[in-house]
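Here is the structure we will look at.
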Amino acid sequence: MYTPKRLYQQKQQYNLNSPFDKVSPFQNSYVDNIKDSQTRSLMSGSSKVIEKGESHELVTYGTDLPIEVSSILTSEKYVTALAESSGWAAVVTNQNIYAWRYTIGTNKKVLPCITLPLSYTALKHKSQLTSIVQNDSQTAPMISTKTCVINVSPEGAVRYWPNITKVSTYYEAMISFEGKQSYSLVSAAPYGWILLASTGEIYLITVHNNSNIQYQQLFASAGMLSGIGKRMSSYWLQPSTQESSGNPCLCCGTIDFSENERYFYVVDKGSFQKFEVAGDQKSACKTIFKVDLLSTLKASSEPLDILQLKNVSSVDVVDMKNTGFGTVFLLVLNFANKSQLSLGTLKNNCSHFESLIDLDIDIHKLEGDIQLSVTSTDYQAYISSSKQIFSRSLSKNLKSVINIQFTSTIGGILCAGVYGNNAIFLSRQHGFLKLLVSSPNILIQERILNEQLKTFDEMEQGDAENHVSHDTYSVLRNMLIAFTKGHLNDETVASILCSSEELRDSIIMLSKELLNSPAVSDPRWASQTINVGFTTSSVLIQNQLRDKEQMHNYLIDFLTKTKCFKKLNEQDNESVKVHLIEHAEKMECCSTILDMYSQVPDLISQSIDALNNQASLEDCMTKESFFANVTEVDKFFDSLIKVESDQLFTLRTVKEQVELIAAVSGLFAACFTASWKCRQKLLITLPTKQVFVPWTGSSLGVNTRSLLKQQIEISLKQGLPKVDSTKVGTILTQHIILLTDLLLDAFDKELILCKNIAEQNVLKEEYAQQRQNIILINHGYYEQAATIGEKYEDFIMLILLCEKTNDSYRLNRYKSMFLSQGFESELYRYYVEKGYWEKLLVANVKSQELDNFLSSHSYLNWLHYIDIGEYYMASEILGKLASEESEYAARKKVLLVLSNLAKMSSVESDLSAIGNEIRENDKALELLDYQEQVLQFLGKDFSSSSTISAADLIEQIIGDDYLSEVQFNMAIDLLEHINGNDFVANDVWSKCILQDRWDESVQIDILAVVSQKMFYKCLKYCKNSAIRQKLIPSLKQLLLSPKISDLVKTSRCQPQLQACYELLGLLEVMN
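Under the numbering used here, the sequence shown has 439 at position 447, and the numbering climbs by one with no breaks.
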């Protein structure tokens, strides 16, 4: 079960508009990968800046290095390392592999460093011959059910661990290399691993049943050439035109792991080959293509001088990485008298290099292994050696190179990798580092800009509902167009002569119409086709949204640089910024919905269709126009909830219902998270002075707050209780936590904004009710409940959590964490309300908070007097509380005992008075003891019963028709606690007489007859105790009792009753 770890940090001053302005567990974890339904790790602590430049920052990343690894990196000179994209890292020495997670896995369980022993080698073990494969549903379901590790020695000795946590369980095999050496290893999970020899031979290593290791050599033979395509033309299987002296190179070529095929690329002797693996058999492997790199390079015409390209004698590949936009090579171009390091991008058609970028780096000055890393989302390449990191954008528009020179204090770089969208590097001293690169703004092409703004002219400016001044709007629009062309001057800016209100409305209208403009007829789009899931697509919606986002960013840049914000008064300034931020958020939300379409196509299509059905005939939209109306995207979620409700009513199986709820929650979480991230980014550019309620939690308009409540309630009541899969339960729990965080944050901000006391009280009540409804504790999600409770200071939830888990350590931590927020007062109040105030006696904590609470509480101020040594005053208060206590007999008993103890500890001089008071308490305690005995005899619980008088107890005892001697004895004992109530005593003795028959003959042996009577036994019981003798009634008075009057008249009981007195020597009492 997923339990996100909550690492508490002291409160910092964050922007008030952030839902995570108090330390949030979601900032660096689930938020980053919610679109892909994957969970990124929770980093331990905050990042530390190692180096900072104008356009970059080098910061620490991930978890701290394990102690074993730090020691190895300090003491060992020769080590190699690897960083897998799954979050695993390893340091390889000649004896061991030291593996650990530099991020926390999906189960959020922190694993210790694992040491795996390696086989003997006369050479040196290398990290590039080690692979860690983490099992998931896409990458490795056939290899192992756990994270597995494989290592190949340079001589070809294979050692395989099916489970990384079981160090001693491994299997071995030996590859017959015949004098060759292993060079590189990549995963082709689930079918095995690809091993490249130093001389270019390729082997497929497979593992069957987690123990049987097999290998086979792959050849680019005719029988494997089933991947020929027309696009290869003359480049297919060209003979190499060079004799390369460089090493071979191997990389993974798989992009879509959801498909069955796996791909890998090999460069050897100047040839670039692509292989496909579709199984673990030799027949399942085939060559897709093989091209000569030098010929392909010389066929390129754009990036470099054509004369220089003709003079290249050979090409060596230092490293290569496959991305979604092609294969990126780190090349060494060898000329007659020099070598040049370059970045080349080869598209899938392999006809020519799409781009070649001269890095202007002297390769001879680079120390250690040179590695290439590429982040596909921002088209950024990173070249690293032991002492340097170069960062270069692959875009043609950005030519600057970032060069980071490492000093001895950083300790050098061991390896590089990519995790998510982050380029990471392992250094000896600081562990993992992340390089953050800020790219300058790229101007949007003037043609696209003009086409985008051209739509303004086609819109009706004379709408009756539009109160914006046409002149102000036109001037502002023309200024934006001039700004994009670089023609804007100060005179044009000064031409804006309007009120703050008119300028505000013009900016908002410009932003809204920019984002809601219809699709542009752009050849760049129309010439392409992609399947975005909508059969009626006429343009690339993704590109349309991307260009709108760029245009909106450009609008913000325009408003900032032309100082339009300064022309607005404070209120209008805030309003404009909030609208701009909201529009940008909805833009990001639209993009997220489109991105999520491949995962839940039916759900999104049905929601959009349902939204169109609700619209009027004139407003009816196609799916494409839905994405064009960006600012109305919030209506989608109302439709989504309705579709979910309808389907939950019709779906029959529990599994389908749970999967539907998880899908809808995932859509909410992905879209609202993307909006939140966009908001945080824009709040840096457009800072606001006041908080505002984001549209994702607002009660206005579509009322997304209500939609959030509904989805959380559905997930808690209909989703979580029916989950039977750990994976689905984990995902659904993450969604609930994130949506809850967004919902409570919206409440929090509205409470800050609300000034009306009555409305504020209503909102607070709703806020508290909503927090109480989201009780994850009841479902066993304790850590998640702690996360929410800590962030929003829901002390009752935190107290319930500590009570449920009996975690005193956590409770004490909360006392310190929320020392100034009143947690202790809430805790003590909770103890009193629940009747747990005895815990205050054993708290063993000296605090001013507790002292103040006790002294101000009428029920507990006796504790305050005990604390200051005023025992007699404490005893008086305890005695008063005991006399007033009627709800719980057990509580009254405790109060009386404590009162006696306090009296005996006091130093009052009047000991006789104290003795009398103690005796009075003892008498009351004796009655409570009788009550406990009676209730126990009757099978009732004393601890939950209220205080019962002696008369009521007697009534309960003698209520049955037939009573035992024990019951009568208890009733007689209780008579002692009844003062002046002869009726109760008469009832007891009358009941005693009526227990027997009195018409037997007593002429034979009166003693034998009378001694068996219950009345005789009870008289005898009283006679044997001096205290109880005064409870014996007189016979004369007893005979007058109306309950036995009939018996006296019709039977011979009187002589026998008299005999009972005479035989016991009670003649005085009888008369």
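In this text, a Cβ means the ideal position worked out from N, Cα and C, and glycines have one as well.
With respect to the 7 Å criterion, Ile362 and Val320 are not classified as neighbours on the basis of their beta carbons. For Phe417, the enclosing beta strand (DSSP E) begins and ends at 414 to 419.
Contact between Val650 and Leu632 fails: their C-beta atoms lie close to 17 Å from each other, not under 8 Å.
Comparing alpha-carbon positions, the option among Pro154, Ala654, Leu364 lying closest to Leu708 turns out to be Ala654.
Nearest to Arg805 by C-alpha distance, out of Tyr863, Tyr822, Phe787, is Phe787. Taking 7 Å as the cut-off, the Cβ atoms of Gln639 and Leu659 do not count as close.
Within the model, the alpha-carbon separation for Thr677 versus Asn545 is close to 10 Å. CA-to-CA, the gap between Val824 and Ser817 works out to about 11 Å. A distance of 7 Å or more separates the beta carbons of Lys426 and Val61. In the structure shown, the three-state DSSP call for Leu406 is strand.
Asp601 sits in a helix when the DSSP states are folded into three classes.
Taking Gln682 as the centre and dropping the five residues before and after it, the same chain places the C-beta of Glu566 closer than 7 Å to its C-beta, in chain order. Among the bridge pairs identified by DSSP, Asn561 is matched with none. In the structure shown, Leu903 adopts helical secondary structure according to DSSP, grouped into three states. Annotated as distal: Gln120 and Thr139, with beta-carbon spacing of 7 Å or more. If you draw a 10 Å sphere on the C-beta of Gln206, you find fewer than 16 other C-beta atoms in it, and that means exposed. Here the alpha carbon of Asn86 sits roughly 44 Å from the alpha carbon of Tyr774.
A straight-line Cα-Cα distance of about 10 Å links Gln1046 and Cys1052. In terms of Cα proximity to Pro154, the closest of Ser491, His117, Asn202, Ser160 is Asn202. Of the candidates Phe975, Ala942, Ile985, Asp979, the residue whose Cα lies closest to the Cα of Glu968 is Ala942. Looking at the DSSP output, Met312 bridges to Phe321. In the three-state DSSP reduction, Trp990 falls in the coil class, being neither helix nor strand. With respect to the 7 Å criterion, Tyr90 and Thr72 are not classified as neighbours on the basis of their beta carbons. By a beta-carbon distance limit of 8 Å, Glu785 contacts Gln813. Their separation comes to about 6 Å. Under the three-state reduction of DSSP, Lys627 is assigned to helix. For Tyr90, the uninterrupted beta strand (DSSP E) segment begins and ends at 88 to 93. Under a 10 Å Cβ-count criterion, Val754 is classified as exposed, with fewer than 16 other Cβ atoms of the shown protein chains found around its own Cβ. Contact check for Tyr94 against Gly54 passes: the beta carbons are separated by less than 7 Å. Under the three-state reduction of DSSP output, Leu792 falls in the helix class. Counting C-beta atoms within 10 angstroms of its own C-beta, Arg989 has fewer than 16 neighbours from the protein chains shown and is therefore classed as exposed.
Shortest Cα-Cα distance from Gln726 to any of Gly689, Ser168, Pro679, Ile780 involves Ile780. In chain order, Ile1024, Cys1052, Tyr1053, Leu1056, Leu1058 place their CB closer than 8 Å to the CB of Leu1011, counting only its own chain and leaving out the 5 sequence neighbours on each side. Take Val429, set aside five residues on each side of it, and the residues of its chain with a beta-carbon closer than 7 Å to its own are Ser47, His48, Gln372, Ser383, Ile394, in chain order.
Put simply, the backbone Cα of Ala181 is about 38 Å away from that of Glu577. Cβ neighbours of Phe169 within its own chain (closer than 8 Å, five residues either side excluded): Glu147, Gly148, Ala189.
In the structure shown, the three-state DSSP call for Cys140 is strand.
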